[in-house]
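First up is the structure itself, then whatever we jot down about it.
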Amino acid sequence: MNSEGFIFRIVSEMMDRNDKSTGFLSKIGALTTDKRTEWSINRQKFFLENKNNKKLLEVIETAQFVISVDDSVEWGVETTEKASQYMKDMITGNGNNRWFDKTMNYAVCANGRGGATGEHSPCDGAELDHLCENFLNIDKQILKSPSQQQQLENVKISENDKKELKLAEKLEFEEVNGMKEEVERCYDSHMKATDDLHMHSMIFLDFGKGRLKKCGISPDGFVQMAIQLAYYKDQGKFTQTYEPGSVRFYANSRTETLRPVTEASCDFVKSVMDEQSTKETRRKLLQNACEVHVNNCKEIMLGNGVDRHIFILCVLAKGLGYSSPFLDFYASQKWLLSTSNIPNMTNSIDEDSSVDKIMLGGSFGAVAQDGYGICYRFGGNQAILVHITSYHSSEITDSDRIGTHLREAFHILADLFED
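All residue numbers for the sequence shown refer to the numbering used here, where the first residue is 3 and numbers rise by one.
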């Protein structure tokens, strides 16, 4: 295994080359942004049926991960604009600097910031989060980054280094009939989808889970009730809401659906919207809603959820040709509000010691055209990181708007515990 210094020099040599691909071949990764059926067809036609391309594809597909060396993307927890652009770039890339058929795509920007894109099929966000926490711990608390000592572009590789180091090898794909048209189609489609994605990153530094614990309520329950209030203010209604719950107590299991919308959560939101309700009434309803949420989460962890079972029935019914009004109705319901809490997996980073050590967390695209995707995590005890997605093409959603409602909701809920 190469040392940090060796890897540093290998990357330096690679960046110093003048052999970048040009034309449509520089966008060949765009093929992996396509729908799975179309990508499968193109993978067969352009790679598996070409001896050279098949060999190069095998190099990519047998690698542990893909690393993209990107241009600088402005980063910062100080402004919503910088954080939003950074998070959006980590999700989408620029159309040619991700290989989306790979489980892990790590991206390192020229300014030293890094992130990753995870393909959801084989794993959940917790796995990617675990890795990223370790990277941040090593970078901020163990190793001293070489870039603090010298600029990457100023490093010179000696002839002896070139003999000793296993330098990066460029993958030279061959053009196949029809490849250019498909690459351009996929690239244009991906960029259109990228432009449509509306990302709002809220770096909430007014308080965090430390204050919520002092209030005696579940931090996750608090955020979920705030989301319900924000959505009601934004849309004027309640909607079925998705939150993944872990069932890792069981072998080979992943998640079950935790539904945050309950009678208790609705009662709380209605009380806040009712100008006649008292502060004490609202506080008690919030406490009850959070308690119900926590109890439901425990039931999920014990394997007492229902959604995965119903989903399997849907799959079996379709495969066996059965028709069920109940299952058809279940499958037709859209998740207009999809949420996820990114847990702290390692507790290895002292995020309270410096804003620079706060990990932004993760995000995902809204799963419904007229819906929202809301992903959040707690940065130590003093921060809440929230990333909201929707689509510009929707006439009824606006990530910035609901972000404003959510920030207000955080304060409304927390103020209920102030005398």
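Even glycine gets a Cβ: it sits at the ideal position worked out from N, Cα and C.
Model, not experiment: these values are computed from the prediction.
According to DSSP, H389 shares a beta bridge with S203 and C377. For N99, the three-state secondary structure derived from DSSP is coil. Between W101 and I69, the beta carbon gap of about 10 Å keeps them out of contact (Cβ cut-off 8 Å).
In this model, L207 and I386 are separated by some 7 Å (Cα to Cα).
Burial is judged here by how many other beta carbons sit within 10 angstroms of a residue's own beta carbon; S160 has fewer than 16 and is exposed. Counting the other CB atoms within 10 Å of its CB gives Q230 a total of 16 or more, which places it among the buried residues. With respect to the 8 Å criterion, Q384 and F209 are classified as neighbours on the basis of their beta carbons. The C-alpha of H202 lies about 22 Å from the C-alpha of E121. Annotation: the continuous alpha helix (DSSP H) that includes Y189 extends over M181 to D198. In the three-state reduction of the DSSP assignment, L260 falls in the strand class. Within the model, the alpha-carbon separation for A112 versus D72 is close to 6 Å. As the crow flies, the alpha-carbon of A368 is around 14 Å from that of V388. When DSSP states are grouped into helix, strand and coil, L318 belongs to the helix group.
Three or more Cβ pairs drawn from the region 292 to 299 and the region 256 to 266 lie within less than 8 Å of each other, which places the two stretches in contact.
Excluding sequence positions up to five before and after S326, its CB lies within less than 7 Å of the CB of A319, all in the same chain and listed in chain order.
In summary, G95 is buried, with 16 or more beta-carbon neighbours lying within 10 Å of its beta-carbon over all protein chains present. In the structure shown, V110 falls within a strand segment according to DSSP collapsed to helix, strand and coil. For the set L408, G97 and I12, the Cα lying nearest the Cα of R187 is the one of G97.
Nearest C-alpha to N136 among S355, C377 and I351: I351.
From the listed residues N52, G31 and D417, the smallest Cα separation to N107 is found for G31. If you ignore the 5 residues before and after T280, its C-beta comes within less than 6 Å of no other C-beta in its own chain. Cβ contact annotation for C125 (same chain, cutoff 7 Å, sequence separation greater than five): T105, in chain order. For N54, there is no enclosing beta strand (DSSP E); the residue is found in the alpha helix (DSSP H) stretching over K53 to T64. In the three-state reduction of the DSSP assignment, D421 falls in the coil class. In this structure Y244 is in contact with W337, their Cβ atoms being roughly 5 Å apart against a cut-off of 8 Å.
N44 carries a helical assignment under DSSP once its states are collapsed to helix, strand and coil. Assigned with DSSP and collapsed to three states, E245 falls in strand. DSSP, reduced to helix, strand and coil, places S396 outside both helices and strands of the structure shown, so it counts as coil. In this chain, the beta strand (DSSP E) harbouring V68 covers V68 to D72. Remark: C-beta atoms of I344 and R379 approach each other more closely than 8 Å. Distance from G305 to V249 at the Cβ level is roughly 6 Å; contact confirmed, criterion being Cβ atoms closer than 8 Å.
With respect to the C-alpha of I398, the residue from A370, E420, G382 and L408 having the closest C-alpha is A370. Taking C-beta atoms under 8 Å as the contact rule, R285 and L418 qualify, at a distance of about 4 Å. If you draw a straight line from the Cα of E301 to the Cα of V308, it is about 10 Å long.
When Cβ pairs closer than 8 Å are counted between the two stretches, the region 85 to 92 is seen not to touch the region 43 to 57, the count staying below three. G321 has its alpha-carbon roughly 58 Å from the corresponding atom of K165.
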